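First the structure, in the form of structure tokens, and then the observations on it.
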Amino acid sequence: MTKNQTTQKLLQKRLKKASRHFTALKEYKFLIEQILIDKNIYQVDEYKQLQPADRAIFDAYLKRFSSLQDFLGAKIFPLLLDIAGINNNSLSEVLLYVEKEQIIDSLDSWIELRAIRNELEHDYPEIIREALENLKYCVDSFDRITSYYKNSVNFSNKYIK
Numbered sequence: 746m747t748k749n750q751t752t753q754k755l756l757q758k759r760l761k762k763a764s765r766h767f768t769a770l771k772e773y774k775f776l777i778e779q780i781l782i783d784k785n786i787y788q789v790d791e792y793k794q795l796q797p798a799d800r801a802i803f804d805a806y807l808k809r810f811s812s813l814q815d816f817l818g819a820k821i822f823p824l825l826l827d828i829a830g831i832n833n834n835s836l837s838e839v840l841l842y843v844e845k846e847q848i849i850d851s852l853d854s855w856i857e858l859r860a861i862r863n864e865l866e867h868d869y870p871e872i873i874r875e876a877l878e879n880l881k882y883c884v885d886s887f888d889r890i891t892s893y894y895k896n897s898v899n900f901s902n903k904y905i906k
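Add 745 to the 1-based position in the sequence shown for our numbering, that's all there is to it.
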């Protein structure tokens with residue numbers, strides 16, 4: 746098996762895993778939309794009144810969101826470039842190339858999304874209003890992370906036989 750065939754096989758395997766993350770994320774997004782029909786959970790008082798099961802949906806959404814973004818950045822993007830014959834050495838180079846290839850909309854958007862998501866992983870109850878604003882940002886960024894995932898799949902389809 747050639748190096749390119751090995752890379753293709755590994756990329757296919759990783760895209761299947763990314764698909765599982767994406768499917769779960771999509772399901773949690775739907776559940777969040779159902780909760781938002783009746784409650785504005787981004788208000789501190791409303792959030793505090795949520796049942797533990799509803800809060801768990803937001804935690805699960807953030808976990809899948811984080812997992813998908815991390816997996817794309819660390820495991821998918823480098824292989825996409827490798828399979829396209831684009832040499833890369835560092836994560837910053839990888840991100841610059843995936844921006845150039847229009848897999849992500851902009852490097853700044855990717856970094857901002859990651860920074861806000863990282864803030865949410867450090868759960869500080871004394872700044873709940875800020876945490877809820879960041880949560881809303883991540884939920885509202887569903888379409889962006891979706892495009893990163895789908896653009897990755899579409900890009901890979903050009904090279905996988």
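In this text, a Cβ means the ideal position worked out from N, Cα and C, and glycines have one as well.
Quick caveat: nothing in here was measured; it's all calculated off a predicted structure.
Query raised in the report: From which residue to which residue does the alpha helix (DSSP H) around residue 904 run?
Result: The count along the sequence shown starts at 1 and reaches residue 904 at position 159. Where residue 904 is concerned, there is no enclosing alpha helix (DSSP H), given that its DSSP letter is neither H nor E.
Query - Among 889, 903, 906, 905, nearest to residue 814 - alpha-carbon criterion - result: Along the sequence shown, read from residue 1 onward, the residue named residue 814 stands at position 69. Here the closest residue by C-alpha is 889.
Query raised in the report: Are residue 752 and residue 824 touching if we call contact CB-CB under 8 Å?
Result: On the sequence shown, residue 752 is found 7 positions in, with the first residue counted as 1. On the sequence shown, residue 824 is found 79 positions in, with the first residue counted as 1. Yes, they are a contact pair.
Query raised in the report: Can you tell me the Cα-Cα spacing of residue 904 and residue 874, whole angstroms?
Result: Position 159 of the sequence shown holds residue 904. Position 129 of the sequence shown holds residue 874. So the alpha carbons of these two residues sit roughly 45 Å apart.
Requested in this report: Could you check what DSSP says for residue 846 in three-state terms: helix, strand or coil?
Outcome: For the purposes of this step, residue 846 is taken as residue 101 along the sequence shown, with counting starting at 1. Correct three-state label for residue 846: coil.
**Report entry** Simplified DSSP assignment, three categories, for residue 769
**Finding:** For the purposes of this step, residue 769 is taken as residue 24 along the sequence shown, with counting starting at 1. Reduced to three states, the DSSP call for residue 769 is helix.
Query raised in the report: Roughly how many angstroms separate the alpha carbons of residue 766 and residue 806, rounded to a whole number?
Result: In the sequence shown, residue 766 corresponds to position 21, counting from 1. In the sequence shown, residue 806 corresponds to position 61, counting from 1. C-alpha separation (whole angstroms): 10 Å.
Query raised in the report: Count the other CB atoms within 10 Å of the CB of residue 782; is the residue buried (16 or more) or exposed (fewer)?
Result: For the purposes of this step, residue 782 is taken as the residue at position 37 of the sequence shown. That one is exposed.
Query - Closest by C-alpha distance to residue 865, when choosing among 894, 821, 810, 816 - result: Numbered from its first residue, the sequence shown carries residue 865 at position 120. Of the listed residues, the one whose Cα sits closest to residue 865 is 810.
Query raised in the report: So, using beta-carbon positions, are residue 762 and residue 816 closer together than 8 Å?
Result: Translated into positions along the sequence shown, residue 762 becomes position 17. Translated into positions along the sequence shown, residue 816 becomes position 71. Yes. Within cutoff.
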